[in-house]
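**Q** Numbering-wise (the working numbering), the sequence shown opens with residue 352 and increments by one.
For each residue, glycine too, the CB sits at the ideal point set by N, CA and C.
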Amino acid sequence: MNLQRKRYEFVLEARQPIAHHEEVIGNDAILMRRKVRVADGWERVACITADTMRHGMREAAAYALLDAAGMLEKASLSEAALRLLFAGGMVTGRGDAGVIKLDRYRELCELVPSMALFGGCSDNRVIPGRLFVDDAVLICEETARFVSPWMLVHAGQLDTHRAHVEEQQRVRMDPILSPHNRRLLTDGEQVRVAGLLAGAERAHEADDAPEREKTKSTMMPRRFERVAQGSLFAWGCEAQVFDDLDLDTYNVAVAAFLSRPIVGGKRGTGHGLLGVVAANEVKVVRPSESMTPLDTTALAPAVGKLFRAHVQERASRIRDFLAEVNA
352 MNLQRKRYEF
362 VLEARQPIAH
372 HEEVIGNDAI
382 LMRRKVRVAD
392 GWERVACITA
402 DTMRHGMREA
412 AAYALLDAAG
422 MLEKASLSEA
432 ALRLLFAGGM
442 VTGRGDAGVI
452 KLDRYRELCE
462 LVPSMALFGG
472 CSDNRVIPGR
482 LFVDDAVLIC
492 EETARFVSPW
502 MLVHAGQLDT
512 HRAHVEEQQR
522 VRMDPILSPH
532 NRRLLTDGEQ
542 VRVAGLLAGA
552 ERAHEADDAP
562 EREKTKSTMM
572 PRRFERVAQG
582 SLFAWGCEAQ
592 VFDDLDLDTY
602 NVAVAAFLSR
612 PIVGGKRGTG
622 HGLLGVVAAN
632 EVKVVRPSES
642 MTPLDTTALA
652 PAVGKLFRAH
662 VQERASRIRD
672 FLAEVNA
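(1) Between the alpha carbons of Glu664 and Ala629, how many angstroms are there, rounded?
(2) For Gly655, count neighbouring C-beta atoms within 10 Å of its own C-beta (all shown protein chains included) and say buried if the count is 16 or more, exposed if not.
(3) Quick check on the DSSP output: the alpha helix (DSSP H) that includes Ile669 runs from which residue to which?
(4) When the Cβ atoms of the segment 590-609 are set against those of the segment 392-399, are three or more pairs found closer than 8 Å?
(5) Could you tell me which uninterrupted alpha helix (DSSP H) segments, each at least 4 residues in length, are contained entirely in the segment 497-535, listed from first to last along the chain?
(6) Taking only three categories from DSSP, how would you classify Asp597?
(7) When we look at the beta-carbon of Pro572 and count the other beta-carbons within 10 Å, is it buried (16 or more) or exposed?
(8) Bridge partners of Lys386, per DSSP?
(9) Would you report the Cα separation of Ala448 and Val676, rounded to the nearest angstrom?
(10) Only counting the same chain, and skipping five residues up and downstream in sequence, which positions put a Cβ closer than 8 Å to that of Ser429?
(11) Is the separation between the beta-carbon of Leu436 and that of Ala413 shorter than 7 Å?
(12) Taking a contact to mean a Cβ-Cβ separation below 7 Å, would you say His512 touches Cys491 in this structure?
(13) Counting along the chain, where does the beta strand (DSSP E) carrying Gly439 start and finish?
(14) Drop a sphere of 10 angstroms on the beta-carbon of Pro561, count the other beta-carbons inside from all chains shown, and report buried for 16 or more, exposed for fewer.
(15) Considering only the beta carbon of each residue, do Ala365 and Lys617 sit closer than 7 Å?
(16) From Glu461 to Gly440, what distance separates their C-alpha atoms?
(17) Pick from Leu417, Met502 and Val484: whose alpha carbon is nearest that of Val463?
(18) For Ala651, which of helix, strand or coil comes out of DSSP?
(19) Could you have a look at Gln663 and say whether DSSP puts it in helix, strand or coil?
(20) For Arg366, does the three-state DSSP call read helix, strand or coil?
(21) For Leu583 and Thr494, I'd like the C-alpha separation in whole angstroms.
(22) What residue range does the alpha helix (DSSP H) around Leu548 cover?
(23) Roughly how far, in whole angstroms, is the beta-carbon of Ala579 from the beta-carbon of Glu517, given that I think they are within contact range, below 8 Å?
(24) Consult DSSP for Cys588 and reduce its assignment to one of helix, strand or coil.
(25) How many Å lie between His622 and Arg521 at the Cα?
(26) How would you label Ser667, buried or exposed, when you count the other beta carbons within 10 angstroms and need 16 or more for buried?
(27) If we count the other Cβ atoms within 10 Å of its Cβ and call it buried at 16 or more, is Ser465 buried or exposed?
(28) Under three-state DSSP, which class holds Val636?
(29) Which residues does DSSP pair with Ile613 in a beta bridge?
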């Protein structure tokens, strides 16, 4: 196979609300957004960054490698090996004898096929990969002209980006405010906490700000923005592949990630799960592009044979390499 460009495009649905934030101001978490020009000016529209999506693919590929090499059964990675597989390593200091030199990096790409696609670090430089990932962009009125026309068929009626965003408030309670919880304290701690609560009441009645600050509880209200459940995102990724193993490795990363993609924060409280609504394989031809439907449910079990055989054949060398790597 000669050099080819393989591009996949997806319509993703927020199966759970998405809490992917760009900053926190006080106790308010603000959604990640990208700037978009519209007819009457500019808007900032919610998105899921390409870094997040690309990292999800890298992580999925790393787990696929470790599984194929039989390295998931027990803890077997050093900190450096973990950083290499899940973050591409790091540029290290001059004269560090343990860094990955260029010849060792070439060996690494042969042992870990995903490294050539995702890129990584060697000695004092960053080696670029051959994988190009887009932001996942909210499909709405403001972005309709920027997404592929076939995606709009699945979107139905379009709303403004503001219609997809909701604000939520949560409160972290202070355990000592509950009489039932206070019964679990030792006698000495019950006396101390009772004094603290009484002091807070006196400070409130006397409007004593310094004393209120000293005796206030740890209860903390917080607010955050999130993209509403059911919202749709347009996302695409593209790779330059040289051979069948390259293509299979790329497909493994895509299929493994999309089997259960979770993004953003608050994952422990029902946020972040995405699902594939539709997908196309875009055949990149100049000067136009054509596409064919891509069945991601059929993709997952079909791919990985070459990748898995390649890794299993080199499992011993991979374990030895990762055991001594300093990344």
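**A** From the atom records:
(1) If you take the alpha carbons of Glu664 and Ala629, they lie about 35 Å apart.
(2) The residue in question, Gly655, is buried, as its Cβ has 16 or more Cβ neighbours within 10 Å.
(3) Judged by DSSP secondary structure, Ile669 falls within the alpha helix (DSSP H) whose first and last residues are Ala666 to Glu675.
(4) No: fewer than three Cβ pairs fall under 8 Å.
(5) Complete alpha helix (DSSP H) runs here, min 4: 500-506 and 530-533.
(6) Asp597: helix per DSSP, three-state reduction.
(7) Classification of Pro572: exposed, given that the 10 Å Cβ count is below 16.
(8) In the DSSP assignment, Lys386 forms a beta bridge with Arg395.
(9) Any reading at Ala448 must be qualified, since the residue scores a pLDDT of 41, below 50, and its modelled position is unreliable; the value itself is stated next. Computed Cα separation, rounded: 11 Å.
(10) In chain order, Leu673, Ala674 and Val676 place their CB closer than 8 Å to the CB of Ser429, counting only its own chain and leaving out the 5 sequence neighbours on each side.
(11) Taking a C-beta distance under 7 Å as the contact criterion, Leu436 and Ala413 qualify as a contact pair.
(12) Closer than 7 Å, so yes.
(13) Note, Gly439: premise wrong, no beta strand (DSSP E); not H, not E.
(14) The residue is exposed, with fewer than 16 neighbouring Cβ atoms inside 10 Å.
(15) Going by C-beta atoms, Ala365 is not nearer than 7 Å to Lys617.
(16) The straight-line gap from Cα to Cα measures roughly 16 Å.
(17) The candidate whose alpha carbon is nearest that of Val463 is Leu417.
(18) Residue confidence is low: Ala651 scores 47 on pLDDT, short of 50, so the model does not pin down where it sits. Its coordinate-derived value is still stated next. Of the three classes helix, strand and coil, the one that applies to Ala651 here is helix, per DSSP.
(19) Of the three classes helix, strand and coil, the one that applies to Gln663 here is helix, per DSSP.
(20) In the three-state reduction of the DSSP assignment, Arg366 falls in the coil class.
(21) Straight-line measurement puts the Cα of Thr494 at about 12 Å from the Cα of Leu583.
(22) Leu548 -> alpha helix (DSSP H) spans Asp538 to Ala557.
(23) Indeed they touch by this definition, with Cβ atoms about 5 Å apart.
(24) Looking at Cys588 - three-state DSSP - the assignment turns out to be strand.
(25) Taking the CA atoms as reference points, His622 sits about 14 Å from Arg521.
(26) Exposed, by the Cβ-count rule.
(27) Result: buried.
(28) Legend: pLDDT at Val636 = 49, less than 50; position of this residue unreliable, value from coordinates given subsequently. In the structure shown, Val636 sits in coil (DSSP, three-state: anything other than H, G, I, E or B).
(29) Ile613 pairs with Leu624.
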